[in-house]
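In the numbering used here, the protein residues as written are 114 to 690.
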């Protein structure tokens, strides 16, 4: 630490510690203690510097291990990552844990006192529900896939999906009787399968295994892949992959990158959406419906003094899946400076995070996984004894009601259509697509809209009907395809209205059809003319030649018959004695 990194300013009331703007690490105070009876207290606060937040503990107590430390964190909340070890089939081994992330830097997974995996967290935002997977090789060393992509894809603004059919180590020959590393892929218009052949000795990672996929050259430098592993390549409007490596090379969205999966989205949706339930069908489709059983917080009560009031308290459910039991008069009590739980319906599983609670607010772990499921926050710190109490009561799907708002807003992101509600069409593709029968029932006509911010329903203003009628005149960015026999399909982007796009497509098909018809007519004329010219040059009548051929055929047949009879007579004479 350089002397210029920190400045200390003292006066009769306080001591200020100011760090240089170039320093990124927050200031930490640990193990606050005194030489007397462990009854010293120290009030701390975070200044007004950019990006600063309130410290973890704003009143340090030397005799309380839960409140003898503080950090001037640059972030509002520390992040928690749950890790779990899986086998090669993707099944849990039972080994899992939590990683607390307070700042950017290296993070280590500790199992049985030993570090088994480490990785770096860079600056940014960790999104709840995102997941990543790191494969290991046969020696247990982390071995993520190293993929670099060259050239453009034929399909622009598309997502290429890849799935490992049979796994293996990239660049290595498989054992005898084991299939080669095989990967299948598909985009919105094409699909295929390729093998990553290995060598002995392996040439990777110095020399990659190279394959061509729909115009792109994929170079696989290293990595261990298991059956079922998947990754994607997203292309922009020029067909160039959008993801980049740290060195700026094009790559895909790999399992070792933070990403969503159907399972992770389902789990996070169920944690955040009370009264709704997400599931995955046998066809790997996301299904969202009303929950047939869920619990909600009701009958909230406060002791009414020392900051325990409706105006000062906010209760937020962080994980609705943890609310799976009935509770009456579930109390969180502050007494003599410590927080505790009364009428605990979890049987002692529930825990306050951090241990001992905090007068600014705290979280409650209801299922013992170490993560907060309910958060209780106080706008102003509570100053004395008191309690917050509520009930957890069961509800079913009949208690859920829906109303439709402006589904084009950024907040909704088309979720009504995802739920299968307020849609004009049914089916999953062109083969089973049909008009929703509800359109014939005038009772379901939603001509007005709901204000997405206020929830006010505007009846009879016909905004939905007018917006729907105006669709044919709006300009959209659409993909246009060109298919050529013997080569891959090429796509491009155009800006057009639906009417113009349809008219252009019909016009293009008409011109193409007329061109093909004209070409056929020209070919027929050419064949007839060449036939006539050949006949004129040869000066031979095909009919006359055919008659002569038939005559010669009959003459040959008669001569053949004569020879047969002569042969029989000769045989008869020879046999007479």
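Each residue gets a CB set at the ideal place from its N, CA and C atoms; glycine is no exception.
Which of helix, strand or coil DSSP assigns to residue i
i, result
"residue 196", "strand"
"residue 162", "Its pLDDT being 46, under 50, residue 162 is placed unreliably in this model, and the value from its coordinates should be taken loosely. Looking at residue 162 - three-state DSSP - the assignment turns out to be coil, as it is neither helix nor strand."
"residue 476", "strand"
"residue 560", "coil"
"residue 346", "strand"
"residue 155", "strand"
"residue 412", "strand"
"residue 378", "helix"
"residue 253", "coil"
"residue 545", "coil"
"residue 639", "helix"
"residue 208", "strand"
"residue 483", "coil"
"residue 286", "coil"
"residue 433", "helix"
"residue 590", "strand"
"residue 140", "coil"
"residue 118", "helix"
"residue 237", "coil"
"residue 629", "helix"
"residue 615", "helix"
"residue 499", "strand"
Nonlocal neighbours in the same chain, by C-beta distance under 6 Å from residue i, ignoring five residues either side
i, result
"residue 162", "Residue placement at residue 162 cannot be trusted, given a pLDDT of 46 that sits under 50; the coordinates are not used to answer."
"residue 429", "488"
"residue 494", "472 and 473"
"residue 282", "337"
"residue 332", "261, 321 and 323"
"residue 329", "262, 264 and 266"
"residue 612", "585"
"residue 222", "196, 229 and 230"
"residue 574", "561"
DSSP bridge partner residues for residue i (one or two, in chain order)
i, result
"residue 453", "446"
"residue 231", "221"
"residue 326", "329"
"residue 305", "298"
"residue 700", "With the chain represented from 114 up to 690, any question about residue 700 goes unanswered, as that position is not in the structure."
"residue 389", "403"
"residue 281", "338"
"residue 608", "590"
"residue 356", "364"
"residue 504", "411"
"residue 428", "489"
Nearest residue (CA-CA) to residue i, options the options
i, options, result
"residue 472", "128, 497, 368 and 194", "497"
"residue 511", "404, 567, 127 and 503", "404"
"residue 605", "591, 616 and 684", "591"
"residue 450", "124, 152 and 127", "152"
"residue 625", "597, 560, 675 and 453", "597"
"residue 272", "352, 202, 369 and 234", "352"
"residue 602", "248, 202 and 326", "326"
"residue 286", "361, 276, 322 and 205", "322"
"residue 214", "557, 226, 239 and 200", "239"
"residue 324", "263, 468 and 248", "263"
"residue 501", "507, 476 and 481", "476"
"residue 266", "415, 504, 303 and 461", "303"
"residue 397", "379, 638 and 388", "379"
"residue 309", "418, 335 and 157", "335"
"residue 276", "341, 255, 257 and 258", "341"
"residue 485", "673, 458 and 463", "463"
"residue 467", "178, 131 and 123", "178"
Contact set for residue i: own chain, Cβ-Cβ below 8 Å, skip 5 residues either direction
i, result
"residue 394", "400"
"residue 209", "195, 196, 197 and 198"
"residue 537", "548, 549 and 552"
"residue 306", "278, 295, 296, 297 and 298"
"residue 358", "261 and 364"
"residue 154", "172, 173, 174 and 175"
"residue 350", "269, 270 and 606"
Cβ shell of residue i (< 7 Å), same chain only, five flanking positions each side left out
i, result
"residue 316", "284"
"residue 143", "182"
"residue 78", "Since the first and last residues shown for the chain are 114 and 690, residue 78 lies out of range."
Beta-carbon separation (whole angstroms), residue i vs residue j, contact threshold 8 Å
i, j, result
"residue 483", "residue 377", "Actually they do not touch by this definition, with Cβ atoms about 19 Å apart."
"residue 133", "residue 117", "7 Å"
"residue 301", "residue 292", "Contact doesn't hold; Cβ gap of about 28 Å is too wide."
"residue 184", "residue 141", "5 Å"
"residue 411", "residue 506", "5 Å"
"residue 408", "residue 436", "4 Å"
"residue 344", "residue 367", "5 Å"
"residue 561", "residue 577", "7 Å"
Proximity test, Cβ basis, 9 Å: residue i and chain D
i, result
"residue 504", "The chain inventory of the structure shown lacks chain D, comprising one protein chain alone."
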